[in-house]
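Protein sequence lines correspond, in order, to chains A and B.
With my numbering applied, the first sequence has no gaps in its numbers, which climb one by one up to 392 at the end.
With my numbering applied, the second sequence has no gaps in its numbers, which climb one by one up to 513 at the end.
Built from N, CA and C at the ideal position, the CB exists for glycine as well.
Keep in mind the model is a prediction, meaning the values are calculated, not measured.
Working notes, beginning with the structure itself.
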Amino acid sequence: MNEKTVMKIKDSVDIFLSNERYLMVYYMNSRQRKSFRVNAEMVHLLETIDGEKTVAEITSIMAEKWGVDSECTSQIMDMLQENRIITEVIAQQDMLSEKLIKRYVRQINYFSEFLGSELEGIAAQKKLMDSTIIIFGCGAVGGNIAMQLVMAGVCHIILFDYGRNEPCDASRHMYFRKQYIGMNKVDSLKAELLRIDSDADVRCVMEWMKPETDVETLIKRADFVVNTLDEPYIGYTASKISRICVKHRIPHYIAGGFDAHLASTGELIIPYVTPCVECYTTHFREVLKDWKPKKHPVESRYTEIGGLASMSLFSSSYACIEIIKYITGLVQMEDSYKIRGEFLFHDMSLTYLNVKKNSECPICGRCEKDEP
Amino acid sequence: MEGAKKMNPKLNATVSVVKINEHILEFFLTNIRQQVRIKVENDLILEIVTALDGKKTISQLATDYDISEEELTGLLDFLRNRGILDNVESKEDFVCYDQFRRVIHFLAEYSHSHEHLLKMWNQIRNSTVLIVGLGAVGTWVACNLAESGVGRLILMDADTVDSSNLHRQFGYRESDIGRKKADVLAERIHDYSDFTSVIKEYSFLDDSALHIFDEMPINLIINCADKPTVDDTSLWIGEYAMRRGIPHIVGGGYNLHLSLIGQTVIPGKCACLKCFQKTLEEENTIDPTRVKKLSVKNRKVGSFGPMCSMIASMVGMEAIKILSGDIQPSNMNRRGEFDIYSMDIRYKNYGRRDDCEWCGKSGKYYRT
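If you want it as structure tokens, here you go:
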């Protein structure tokens, strides 16, 4: 710890002292808690760390007033920092401008709780802002994800869709405005993203996803890929995109929130770490082999499917939490990734599937993690 | 059933029919992911159901499958009552069907008949919802409800848009900085369609602020305000709503408690906010003579947009259940926590209390 550094108690912790002996620390953003057995000197130290005094000043007060030697104070301060109870006050940083800090300050504070210091929180924000993310599909979930990511600070977005906005999108797409009816979805969504952040760099690709469509060139430009495209159907687009992403080791998110899975979570795919789309497909081929729906008699059924804006918002929000956690490194997703889950409108329960990475998978099974 | 009988029977477009084995037939309602299974002796019911294309009359079907119309009607009534048959036809009966068809077909899985579905939809579109606080939860909820056909929204907030709001509060643009949140959000809602009317109230919540709404019919109040504290705002809204008998939802996703999934209160039917407060206080009893809180000066609070909007999505779902009048809300007598590490939800149950000063037997807002 630098002698000149100013230290403070982290903004997101609540500290309680019980019987003058036990310190209980509540981490409000992550709802975790820890407790420590402490003595009176420790309490004096915490009361001295006020966001204004430097490490040198704190050390000398502890020595003069409470007779604690400097080595001991320094050790305890390291421990407090390791446990994310105290952090340094940043005098200067050149990663983000004052204006951007002001805009994202609340999110940076949130990130900092996971990462340790405010400087790391700012670095995480910067990482998010520097990422290029391609979003396939500009429907209810894809549109929400695009807006939520741009709100969070992602500045480089590529949108891929062929469709146009229709009147009935008014009950599904949160980016919808009545003046968008008849416009290309990529253009209307881009307009909406620029209203949120006029500095965002948004590129539009108006194409169908067909077998001959070259998405590999596009995908290679991105740091992260999101698929929400359900035309021609979600299984096809997901499989095509995931194969390319695995090949180039690009992390991707196959979002939920499509017909019959109106509030599913979708899944983060880290090539060679998590199951890939092919692993999921193999899993479902096995577990659903006896579950075969009969041909539906109603011809017009595709215009009679249900959905609620709030259910799409669940799927998009879940996806954004996972995407941002991964990109910013808030949580080691390699160790704690989630398998696809379903949130049910009916009872507001969230349950997860049990799908394992298939070591025989033709897409991601053969290659060991460290092989090229 | 009169109206429904005029239409030819039709399998609900969102229902999948699966033959599980020789004796079990499953109807899977794909919107709400619930299943209805029936015991069958042979494939006759399967054949009839998969022929329900909406084009054949009951008498045609009875002839085709060689059963009596009475027997067939009994089967169809059973299926209709469980949302397995289409209850939407005739579509013209629904106001703004084209704009809201997704919502209407979603609700259909909860309907017992065409009339019942119409009633649920009309209740939603004729309802008034008061949203207090237009921040990281309130903005998303307001727009979700407008998109789902809620007829009238009252947006209450005195605050103006700040650049630090943009990362998590929906519908505010850079060019809106400095404008009243209620004004900006009302414009955003009108941009969806002219269907939802908006009443703006530029005031902050306090213990008496809600009295301006005394003469206004309100079907639901949603608390998305956390100033001065969530406990204060919840109790003010809770008491006002209990006095008037209005369902209310504690939004959750608040500052300093981002991961809270708040409870739903239907007055007289479940634990009220006072019941929760009493139980929570008992659980958290801290002896002030032995425990002291160390003060943290100049605290800056963290917030995370997608976490708040996820909780907003749940509030949006609960709201639709309540407004439909016939779908059981999930979060009565409980509240939840969303764990950002494990991505799991944990609910904790709280019961209604006899000794509650509001809804207990001798409470001032007691009702059954």
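{"Query": "Leu-247(A), DSSP secondary structure in three states", "Result": "A quick correction: the sequence has Asn, not Leu, at residue 247(A). In this structure, Asn-247(A) counts as strand in the three-state DSSP scheme."}
{"Query": "Alpha carbon of Pro-313(A) to alpha carbon of Glu-171(B), nearest angstrom", "Result": "9 Å"}
{"Query": "Own chain partners of Lys-28(A) with C-beta closer than 6 Å, once the 5 adjacent residues on each side are dropped", "Result": "Gly-71 and Val-109"}
{"Query": "Closer than 7 Å at the beta carbon, the chain A residues around Asp-331(B)", "Result": "Rather than Asp, the amino acid found at residue 331(B) in this sequence is Ala. Chain A residues near Ala-331(B): none, gap ~14 Å exceeds 7 Å."}
{"Query": "Start and end residues, beta strand (DSSP E) containing Gly-398(B)", "Result": "397-399"}
{"Query": "is_contact[His-272(A), chain B] using C-beta, thresh 8 Å", "Result": "no"}
{"Query": "CA-to-CA distance, Gly-296(B) to Asp-339(B), given in whole angstroms", "Result": "10 Å"}
{"Query": "Reference Gly-361(A), options His-281(A), Ile-289(A), Thr-285(A) and Asn-59(A), closest by Cα", "Result": "Thr-285(A)"}
{"Query": "Pairwise C-alpha distance: Gln-473(B) and Cys-417(B)", "Result": "17 Å"}
{"Query": "Whole-angstrom C-beta distance between Ser-258(B) and Arg-522(B), which should lie under 8 Å", "Result": "Coverage of chain B is limited to positions 146 through 513, which leaves residue 522(B) absent and any answer about it impossible."}
{"Query": "Alpha helix (DSSP H) segment containing Gln-205(B), residue limits", "Result": "203-210"}
{"Query": "Selection of the segment 478-497 of chain B by Cβ proximity to chain A, strictly under 9 Å", "Result": "Gly-481, Glu-482, Phe-483, Asp-484, Ile-485, Tyr-486, Ser-487, Met-488, Asp-489, Ile-490 and Tyr-492"}
{"Query": "With 16 other Cβ atoms within 10 Å as the buried cut-off, status of Arg-480(B)", "Result": "buried"}
{"Query": "Nonlocal neighbours in the same chain, by C-beta distance under 8 Å from Lys-345(A), ignoring five residues either side", "Result": "Val-351 and Met-353"}
{"Query": "Proximity to Leu-279(B) [Cα-Cα], best of Gly-396(B), Gly-508(B), Glu-428(B) and Arg-178(B)", "Result": "Gly-396(B)"}
{"Query": "Any C-beta of chain A under 8 Å from that of Ser-256(B)", "Result": "no"}
{"Query": "Met-146(B) in three-state terms, based on DSSP", "Result": "Since pLDDT at Met-146(B) reaches only 44, below the 50 mark, its modelled position is unreliable, and the value read off the structure follows with that caveat. Here Met-146(B) sits in coil by DSSP."}
{"Query": "Same chain, Cβ closer than 8 Å to Asp-328(B), neighbours up to 5 away in sequence not counted", "Result": "Lys-345"}
{"Query": "Minimum Cβ-Cβ distance from Pro-295(A) to chain B less than 8 Å", "Result": "no"}
{"Query": "Chain B contact for Cys-381(A) (CB, 8 Å cutoff)", "Result": "no"}
{"Query": "From Ala-76(A), Ala-160(A) and Glu-40(A), residue whose alpha carbon lies closest to that of Glu-61(A)", "Result": "Glu-40(A)"}
{"Query": "Boundaries of the beta strand (DSSP E) in which His-281(A) is found, first to last residue", "Result": "His-281(A) -> no beta strand (DSSP E), and no H or E assigned at all."}
{"Query": "contact_flag[the segment 153-172 of chain B, the segment 370-389 of chain A] where n(CB pairs < 8 Å) is 3 or more", "Result": "no"}
{"Query": "Exposure label - Pro-362(B); buried when at least 16 CB within 10 Å", "Result": "exposed"}
{"Query": "Stretch-stretch touch, CB-based, cutoff 8 Å, three pairs: the segment 280-292 of chain B with the segment 211-227 of chain B", "Result": "no"}
{"Query": "Sequence ranges, alpha helix (DSSP H) only - wholly within the segment 268-344 of chain A, length at least 4", "Result": "297-307"}
{"Query": "Validate contact between the segment 477-496 of chain B and the segment 369-389 of chain B using beta carbons, cut 8 Å, 3 pairs", "Result": "no"}
{"Query": "Alpha-carbon to alpha-carbon, Thr-371(A) and Phe-244(A)", "Result": "26 Å"}
{"Query": "Rounded separation between Ile-261(A) and Gly-413(B) - CA only", "Result": "52 Å"}
{"Query": "Proximity to Glu-234(B) [Cα-Cα], best of Leu-221(B), Phe-349(B) and His-250(B)", "Result": "His-250(B)"}
{"Query": "Start and end residues, alpha helix (DSSP H) containing Phe-245(B)", "Result": "242-253"}
{"Query": "Distance CB(Met-462(B))-CB(Phe-36(A)) smaller than 8 Å", "Result": "no"}
{"Query": "Inter-stretch contact at 8 Å, needing at least 3 Cβ pairs: the segment 232-247 of chain A / the segment 272-282 of chain A", "Result": "yes"}
{"Query": "Assumed close pair Ser-256(B), Asn-232(B) - CB separation to whole angstroms, cut-off 8 Å", "Result": "4 Å"}
{"Query": "Cutoff 8 Å: Ile-81(A) Cβ touching any chain B Cβ", "Result": "no"}
{"Query": "Beta-carbon gap between Pro-271(A) and Lys-377(A) smaller than 8 Å", "Result": "no"}
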